[in-house]
Amino acid sequence: MMTRLEDLAAQVDEAALTAQAIPQLTEALPGLTVEQAYQIQALSVARRVARGERRIGVKMGLTSRAKMIQVGVDEVVWGRLTDKMLLEEGGTLSRSRFVHPRIEPEIVFLMKKPLVGTVTALEAMAAVEAIAPAMEVIDSRYMNFKFALPDVIADNSSSSGLVIGPWCSPQLDISNLGMVMSVNGRPTQIGSSAAILGHPVRSLVAAARMVAQGDEALSAGDIVMAGGATAAHALSVGDAVRLEVQTLGSAAIAVVE
Ligand code: OOG
Ligand code: MG
């Protein structure tokens, strides 16, 4: 099975590199397990690292009802982030590098201490250096952005880009912050940080536990994306997207050819 998993990792990696959609892995392999899917994810990210990309942290996904409903998968997932995915705040995103990119409003944590395994919300917050408003660009490598749970996990939970706003004090109350994502000045997604598992810190608690199950850890300096608070918006060339998070500030990106 190991060679097989390597082969599947190469498929999702190649799809991301070339921005060419592939069929869902579970079409040919209906028995693919979540555990195997995380192994494929690890192997595909290892290919990126071998090409010179650097791991910068992790992203949590499907941590809000709105996100679960939009993609029809109702389990929390995680994925690995690399430096190549970072987009300049206020900068541009090139549409042609992606298959069918979407963008979603998030909160991101910067770790000052490691966090591993089962932790409380208080322990999790005590390990945070800073928090920031952020948007994630997701791009499923599967046709029609359609997938089952093992597919999306194998595809690194659709990770493809992120833009981070100003870093703020971790002392701020982030339990229920208004989040408004606008496209060309028109609010398109409106929500609250409370939509993220009731409180974004629960996403960090889940990250510590789930990442440890993958024999990895959250380390000092890592970033952890908490997951979309609303459904994601499908990006088109010409979209100027801006997220405003109450108290924390804003982040913006414009889509070009
Ligand atoms: C899966 C990734 C979900 C989030 O924030 O919920 C995610 C997807 O929607 O393609 O990143
Ligand atoms: Mg996300």
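In this text, residue positions in the sequence shown follow our numbering: the first is 1228, and each later residue adds one.
Beta carbons: idealized from backbone N, C-alpha and C, even for Gly.
Residue j beta carbon less than 7 Å from that of residue i
i       : j       : result
Ala1439 : Val1343 : yes
Leu1470 : Pro1360 : yes
Leu1431 : Ala1353 : no
Ala1357 : Trp1394 : yes
Glu1443 : Leu1376 : no
Met1338 : Asp1449 : yes
Val1285 : Trp1305 : yes
Ala1478 : Met1362 : yes
Met1312 : Gly1388 : yes
Gly1441 : Thr1290 : no
Residue i Cβ short of 6 Å to ligand 2 heavy atom set
i       : result
Glu1363 : yes
Ala1443 : Per the sequence shown, residue 1443 should be read as Glu rather than Ala. Flag unset: Cβ of Glu1443 not near ligand 2.
Glu1262 : no
Gly1288 : yes
Gly1306 : no
Gly1176 : For the chain, the structure presents residues 1228 to 1484; residue 1176 sits outside this window and is missing.
Glu1209 : Since the first and last residues shown for the chain are 1228 and 1484, residue 1209 lies out of range.
Glu1302 : no
Check: residue i C-beta below 6 Å from any heavy atom of ligand 1
i       : result
Lys1294 : yes
Gly1388 : no
Ser1419 : no
Val1472 : no
Ser1385 : yes
Ser1430 : no
Ser1271 : no
Ser1367 : yes
Val1298 : yes
Val1438 : no
Rounded separation between residue i and residue j - CA only
i       : j       : result
Glu1254 : Val1364 : 25 Å
Leu1404 : Ala1421 : 7 Å
Leu1424 : Gly1279 : 34 Å
Ala1464 : Ser1367 : Correcting the residue type first, residue 1464 is Val in the shown sequence and not Ala. Rounded to the nearest angstrom, the two C-alpha atoms are 18 Å apart.
Ile1330 : Ala1459 : 5 Å
Val1326 : Arg1292 : 25 Å
Val1379 : Ser1385 : 6 Å
Ala1461 : Ala1264 : 26 Å
Gly1299 : Glu1241 : 25 Å
Residues of its chain near residue i, where Cβ-Cβ distance is below 7 Å and the 5 sequence neighbours each way are ignored
i       : result
Ser1419 : Asn1403, Leu1404, Gly1405, Met1406, Ala1456
Arg1281 : Thr1309, Asp1310
Ala1435 : Leu1342, Val1343, Gly1344, Val1346, Ala1351, Leu1445
Cut-off 6 Å between Cβ atoms - residues of its own chain near residue i, not counting five sequence neighbours on either side
i       : result
Val1472 : Pro1360, Leu1404, Met1406
Gly1476 : Pro1360, Gly1392, Pro1393
Gly1317 : Ala1479
Open item on the list: For the pair the region 1252 to 1271 and the region 1399 to 1406, tell me if three or more CB-CB distances fall below 8 Å.
Closed with: no
- [ ] Please confirm if the region 1269 to 1276 is in contact with the region 1404 to 1415, defined as three or more CB-CB distances below 8 Å between the two stretches.
- [x] no
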